[in-house]
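Colleague:
2 protein chains.
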Amino acid sequence: MSTETSIAPGPLSHYRKQAKFCWKKMKHFIEDPELLQIKMTVWQTLEKDPVFKRPVELLSTEEMKRRTAIQLNKYCQYNFLAPETANFPYKRKTRFMMTVNEALAVTYPDVSVKHAIGIGLFKNTLTTLGTERHKHILDAAWNNKVLACLALTEVSHGSNTKQMRTSATFDKERQEFVINTPDFESAKCWVGNLGKSCTMAILFAQLHTNGQCHGLHAFIVPIRDPKTLIPYPGITVGDMGEKIGLHGIDNGFILFNNYRIPRENLLNKTADVTPEGDYESSFSDPGRILGAALENLSTGRVGIMQESSNNLICAVTIALRYAAIRKQFAPNGDGSLNKNELPLIEYQLHQWRLFPHLSAATVLRIFVNCFTEDYLSVVEQTTSSDKIQDLSDMVSEIHSLVSSAKPLITWSCRDAVQECREACGGHGFLKASRLGDIRSINDPCVTYEGDNNVLVQQSSNWLLRQWQSLKQDNILSTPLGSCDFLKNHERINKKFGFTSPTQLLSVEAISQLYEYLIIHLIKETEAKQLEVLSKTKCKFTARCETQVYHAAVLSRAYIEYNALKYFWKHISKSHQSLRETLNNLGFLYGLNCLEKHLLYFYQGGYATGPELATFVRENILSLCAKLKPDALGVVDALAPPDFVVDSVLGKSDGKLYENLQNLFFHNPGAMSRPAWWSEIIIPNAPDFKQVKSKL
Amino acid sequence: MSTETSIAPGPLSHYRKQAKFCWKKMKHFIEDPELLQIKMTVWQTLEKDPVFKRPVELLSTEEMKRRTAIQLNKYCQYNFLAPETANFPYKRKTRFMMTVNEALAVTYPDVSVKHAIGIGLFKNTLTTLGTERHKHILDAAWNNKVLACLALTEVSHGSNTKQMRTSATFDKERQEFVINTPDFESAKCWVGNLGKSCTMAILFAQLHTNGQCHGLHAFIVPIRDPKTLIPYPGITVGDMGEKIGLHGIDNGFILFNNYRIPRENLLNKTADVTPEGDYESSFSDPGRILGAALENLSTGRVGIMQESSNNLICAVTIALRYAAIRKQFAPNGDGSLNKNELPLIEYQLHQWRLFPHLSAATVLRIFVNCFTEDYLSVVEQTTSSDKIQDLSDMVSEIHSLVSSAKPLITWSCRDAVQECREACGGHGFLKASRLGDIRSINDPCVTYEGDNNVLVQQSSNWLLRQWQSLKQDNILSTPLGSCDFLKNHERINKKFGFTSPTQLLSVEAISQLYEYLIIHLIKETEAKQLEVLSKTKCKFTARCETQVYHAAVLSRAYIEYNALKYFWKHISKSHQSLRETLNNLGFLYGLNCLEKHLLYFYQGGYATGPELATFVRENILSLCAKLKPDALGVVDALAPPDFVVDSVLGKSDGKLYENLQNLFFHNPGAMSRPAWWSEIIIPNAPDFKQVKSKL
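Heads up: the sequence lines are chains A and B, in that order.
Quick note on numbering: the first sequence equals residues 1 to 695 in UniProt numbering.
Quick note on numbering: the second sequence equals residues 1 to 695 in UniProt numbering.
(1) Rounded to whole angstroms, what's the CA-CA distance from residue 222/B to residue 200/B? Just pull it up for me.
(2) Is it a yes or a no for the region 478-497 of chain B touching the region 569-587 of chain B, going by three-plus beta-carbon pairs under 8 Å?
(3) Does DSSP classify residue 695/B as helix, strand or coil?
(4) Nearest CA to the CA of residue 382/B: which residue from 90/B, 48/B, 646/B and 109/B?
(5) Beta-carbon within less than 7 Å of residue 433/A's beta-carbon, same chain only, minus the 5 sequence neighbours each way: which residues are those?
(6) I want to know whether the region 69-81 of chain B touches the region 675-682 of chain A - three or more CB-CB distances under 8 Å.
(7) DSSP has residue 238/A in a bridge; who is on the other side?
(8) Which residues mark the beginning and the end of the alpha helix (DSSP H) in which residue 461/A is found?
(9) Quick one: give me the first and last residue of the alpha helix (DSSP H) that residue 73/A is part of.
(10) Can you round the beta-carbon distance between residue 405/A and residue 559/A to whole angstroms, since I take them to be within the 8 Å contact cut?
(11) Three-state secondary structure (DSSP) at residue 325/A?
(12) Per DSSP, what kind of secondary structure is residue 444/B in: helix, strand or coil?
(13) With DSSP as the reference, identify every bridge partner of residue 192/A, one or two as the case may be.
(14) Can residue 245/A and residue 443/A be called in contact, C-beta distance under 8 Å?
(15) Quick one: is residue 495/A buried, meaning 16 or more other Cβ sit within 10 Å of its Cβ, or exposed?
(16) Relative to the C-alpha of residue 296/A, which residue among 192/A, 254/A and 129/A is closest?
(17) Against residue 57/A, what residues of chain B qualify as contacts under a CB-to-CB distance less than 9 Å, listed in chain order?
(18) Show which residues of chain B have a CB atom less than 9 Å away from the CB atom of residue 227/A.
(19) In whole angstroms, what is the alpha-carbon distance linking residue 187/A and residue 455/A?
(20) Relative to chain A, which residues along the region 425-445 of chain B have a C-beta separation below 9 Å, given in chain order?
(21) How would you list, in chain order, the residues of chain B whose beta-carbon sits under 8 Å from the beta-carbon of residue 305/A?
(22) Helix or strand or just coil, what does DSSP make of residue 335/B?
(23) Can you give me, in chain order, the residues of the region 539-564 of chain A that have a beta carbon less than 8 Å from any beta carbon in chain B?
(24) Taking the alpha carbon of residue 44/B as the reference point, which residue from 103/B, 619/B and 655/B has its own alpha carbon closest?
(25) Nearest chain A C-beta to residue 132/B closer than 8 Å, yes or no?
(26) Taking the alpha-carbon of residue 259/B as reference, which of 577/B, 282/B and 174/B has the nearest alpha-carbon?
(27) What is the rounded straight-line gap between the Cα of residue 486/B and the Cα of residue 328/A?
(28) Report yes or no: is there a C-beta of chain B within less than 8 Å of the C-beta of residue 453/A?
(29) According to DSSP, simplified to helix, strand and coil, what is residue 407/A?
(30) With a cut-off of 8 Å, does the C-beta of residue 295/B fall near any C-beta of chain A?
(31) Fully enclosed by the region 16-40 of chain B, which alpha helix (DSSP H) runs are 4 residues long or longer?
(32) Which residues does DSSP pair with residue 140/B in a beta bridge?
(33) According to a CB-to-CB cut-off of less than 7 Å, which residues of the region 174-185 of chain A neighbour chain B?
(34) Which whole runs of the alpha helix (DSSP H) in the region 604-681 of chain A are 4 residues long or more, in chain order?
(35) For residue 167/B, go through chain A and note every residue whose CB falls closer than 8 Å to its CB, in chain order.
(36) Going by DSSP, name the residue or residues bridged to residue 272/A.
Here is the structure:
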């Protein structure tokens, strides 16, 4: 089986042959061929399976839920990972599992979410928070014998988990926990799989015993009889109804009324309640607890980063292939009927609208690939190492990176998809363009698994802590090096000293700008926080009032720079023939991101004259021009097969109008009179075809 | 009947009573009470009519098309304009018609589009391009006896109308035009109402006679038998299938194969073909032709501006009412279970995310209202005045304003809706939030009726022409005054001279900044165009290569400033009690827009130090703080009734959680087992409820 997308010759050849590199070589540089092979296997299998046939028409939500549930079962049966994988070390195994999920998510996002929540996250949570006494449940999960859900969010609380009010009170008499939902506002909601299909929940509830509350803990809670799917008594469970997208997922809500579960249903790796009702915390193995905590927080977010970067790739693939075929206006501007109209990609404005997103797609894809390796290494180490302090530092830094990277990538995807949709003009509004679907798939990613605007505060808080520790104790805890440049803060260039635009086209120059920017923002944020603190005496207020123009931008700049650093490190290993294009993509990404922050350089006194802004902007435009001949080759290297991109505008054959014709002529009922025609007939309407003489 | 939205007391009272003004007074200042009354009549009528009942569940596209078609017929029957309106002067009558459409569009956008295309635009085009010989068709249209469509766009050409290739060739023998579609690429497409329902088309085709092509002309073309809805022979007509939104509209495509229509079907006000086949241009009444041309180009765009500004209002209404109720985290930050959590609106970050959109909603709404008056006055004058030159100048200026205003408002709505969706967190992803629907309603507006990115070039071209005429001949043709400040270009302040942030909080200061910016961009664009021109000798290329960072920003700055000028002029007539709030909204809008352009001030040498950026940003944050107590009052003044906003998150009663509970508990099938439950049962799944002893 080939690991290569096949590229049919056709109208795109004109631009393809301009590329300075072999797209296959580029593809295998961007993505590990072994992982690509795994994806290809998934794609080729699903493409052949009628259960996974994509509908042309809009289905009812009920039908989408039904199909997704059936597809999930079928997907589980495939067992895409080879049997020997089970014995692989943690990192390799998880990477393979993540890759299978990536392949699924980019084609059937609803099935992927159902699987991730109902099986992946369930197994994960049981493994990391459960103990031997939950092994039979874990075994059932591994054998796909149970579909679960994870109930955390409540109707009136999401980000602030401490305020959640679903309670589990220990009843010593009966050796059970009694679960209650005090009111509708504390009903669990947005729980994927809970609406219609799951039979088990991992429920997060406030643990009460002996009159004391010990905070949120995880419990195994049976929801429905697996033989009938009828909910157990004591539960009010339902489906939340229509959403903006992800219609195949049955998001549910649940209220408990004195619902009882055995004492043993508490996931007790970190804490337990004894039969006597005593609460016992069991920090016997801090490394593992650290890893468990990290995994529970971050694995979902790393998954989103992967999925979102794939959606970003699909969006630019569609818009750029369209831009290479779609022609508009002729350079002579006389509008005469000649064949010399220019493809959209020839226009500077169009390049500038799309190429920065192409560069983001490339840089962020490579960043996600490389960062995932680091992430899994850290998790793996937490399960084996004894150096708790180092690990703790590493876990904090990983958390800081994930907390800013998930927002960066999901927002970058959001912006790219919208621009791509607009860049495809009217045809971009066709459902078959797939840009609408990509938009609604990515849309929830900006607010779930940690709201982006809340999440980024974790990174800036971490950076400020690093900064304070560096200043006070000369200690910088950045084992992954994401902010190691802070230690050189006194030596960093604080004045713009470039004399020509091209001097900015280097790793060193872009690094210098980012390092100045990040340090400037750290200092400004710290100063502003101290100022607010001195007025209000409230740390919380101080943090809240330093987000805008300060901490929020700091997190963004920090992660953009780190994405670039991962990218640069990876491309240093690239074949010479790929280097120039990759460099240009990195420069464009960096300068285009920096362009949004340039005011800070003027505010900070780094620049005063026009040169900084002018040089950056000139470079962005000249990089667009340089990338034009390579753009379609980069797209071919990034793009998954046509079956995956699934867009009438973005097929690799470039036969845009033939594909549109096929779509228009064959969509169901396209040329037939609607069944309801007689309901809309206008009584006594004149027939102007017949009254020719009167005209 | 009341012209006031009723405001139920409830949880929003806390913020409502902080407002410095009476929301009803503000409402009647923003919107003419007479027009508001018209809207209320439409809304109250439709709300009561079961034909217009909104479905809770997602309907099939087919069903949405059926309902929309039926609703359109019902809507036409209502004849919302009082009979005496027919005799009103053009301006007043059209304003009333526009108002009825606004009311319809914000509640039933699909019905509004079908009506606008199939009846409104049809009548308009017949009136402006047709003659006496088409009067019987126009009469039928006025009596709602015909549903039409307007076929202009072709599969491979949209913006570049000159390249369209559908042809109408005169056959002298039979005194007919023979219509042909050379190939699929020249099939007409995206034609609203054409897919399933219309019986007539106004077709734009290249007119050929005696072997010569005379360019695009409009023809009346019968499409379907009105008694059977079966298309006539010689036509291949179909529905384009699924779209991202506006599912109720049957967008169609059509190909003609030697399809014949009588000679008289040419709309012949500006040109005709004689029975002998001679082409005759008839510019007998240039004023009227000018008006006709203007109307055909611009009325649709003005309608979009109105509709988009209403959608923007609905979006901020939803997000701000949600922000006033939804609480998150407590200032003490200790997470203890107290009741002191802060509503989102208390957070500076949240204010900064939403208040600029609130200010845009207010400023742009007032701008659209006032501009519509000017627009209709100009159209009215073109039908009566003889001073062609003045009129021509006025028409050009109107065109320049519309060409930048439609993009400004539709893009502002796009950005606001997305931010509002995110600011409502997970609940914003509910279909019942309505933010998804608003997004997909506004989405096509950025690319249809003139693609925004193409359209804005009209404004910058006009500005450059004004500038050149001013420099060369000392003539500035700006009868509406939209660029009258250009004549003072030598006296304009070119150096930042403010010494404290509050100095920027004035009409004069913001005007000074905008005038500097616009003149700077004009000069830079002109210089860059000359530079490219001297290299390429191609005006077309020169214009294309000066869009990014130049002409495109110029158009944007020009229209932002003009929107503000309309706003300022209007608020100068406001009651004293409203003034402070309105001023703050205007300042926030102006400074927040300028903030995006500040780099140009550094590039142009207006500013060098940090003050400009720092002052502007400090003001934005302090204006947010100042507007907090007024925000909910402004929302009440802007918002249409709950029935129109139609959001579970944005109801005026503020009973967020009760409304959510009602939604969750009563959505169809919420708590029932799905019909397909047995299809997803996992064979031999263990029942963990029953094996309690084993846990």
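Positions of the beta carbon are idealized from the N, C-alpha and C atoms, including for glycine.
All figures in this text were calculated on a predicted structure; none of them were measured in a lab.
Modeller: Judging by the given coordinates:
(1) Going by the C-alpha atoms only, they are around 4 Å apart.
(2) No: the two stretches stay apart, fewer than three of their Cβ pairs being nearer than 8 Å.
(3) The pLDDT assigned to residue 695/B is 43, lower than 50, so where the model puts this residue is not dependable; a value taken from the coordinates is nonetheless given after this. It is coil, neither helix nor strand.
(4) Residue 382/B has its Cα closest to that of 90/B, out of 90/B, 48/B, 646/B and 109/B.
(5) Excluding sequence neighbours, residue 433/A sits near 318, 424, 427, 647, 648 and 649.
(6) Yes: at least three Cβ pairs fall under 8 Å.
(7) 253/A, per the DSSP bridge assignment.
(8) Residue 461/A -> alpha helix (DSSP H) spans 452-473.
(9) According to the DSSP assignment, residue 73/A belongs to the alpha helix (DSSP H) that extends over 61-78.
(10) Sure, about 5 Å apart at Cβ, within 8 Å.
(11) In this structure, residue 325/A counts as helix in the three-state DSSP scheme.
(12) If DSSP states are grouped into helix, strand and coil, residue 444/B belongs with the helices.
(13) 251/A, per the DSSP bridge assignment.
(14) Between residue 245/A and residue 443/A, the C-beta spacing is below 8 Å.
(15) Residue 495/A counts as exposed, since fewer than 16 other C-beta atoms from the protein chains shown sit within 10 angstroms of its C-beta.
(16) Among 192/A, 254/A and 129/A, the Cα nearest to that of residue 296/A is on 129/A.
(17) The answer, in chain order, is 60, 61, 62, 241 and 242.
(18) The answer, in chain order, is 681, 685 and 687.
(19) CA-to-CA, the gap between residue 187/A and residue 455/A works out to about 24 Å.
(20) Residues passing the 9 Å Cβ filter: 425, 426, 427, 428, 429, 430, 431, 432, 433, 435, 436, 437, 439, 440, 443 and 444.
(21) Correct list: empty, because the minimum Cβ distance to chain B is about 18 Å.
(22) With a pLDDT of only 44 at residue 335/B, under 50, the local geometry of the prediction cannot be trusted, and no value is derived from it.
(23) Sequence-ordered contacts of the region 539-564 of chain A with chain B read 539, 540, 541, 544, 545, 547, 548, 549 and 552 [C-beta pairs closer than 8 Å].
(24) Ranking 103/B, 619/B and 655/B by Cα distance to residue 44/B puts 103/B first.
(25) For residue 132/B, no CB of chain A lies under 8 Å from its own CB, so it is not counted at the interface with that chain.
(26) Checked all of 577/B, 282/B and 174/B; the closest Cα to residue 259/B is 174/B.
(27) So the two alpha carbons sit approximately 33 Å from each other.
(28) A Cβ of chain B is located within less than 8 Å of the beta carbon of residue 453/A.
(29) Under the three-state reduction of DSSP, residue 407/A is assigned to helix.
(30) By this cut-off, residue 295/B is not an interface position.
(31) The alpha helix (DSSP H) runs lying completely inside the region 16-40 of chain B and spanning 4 residues or more are 23-30, given in chain order.
(32) Bridge partners of residue 140/B: none, in fact.
(33) Answer set for the region 174-185 of chain A: 184 and 185.
(34) Taking only runs of at least 4 residues, the alpha helix (DSSP H) segments lying wholly in the region 604-681 of chain A are 611-638, 642-645 and 656-666.
(35) Here the premise fails: no neighbours, minimum Cβ distance about 11 Å.
(36) For residue 272/A, which the question treats as bridged, DSSP gives the partners 280/A.
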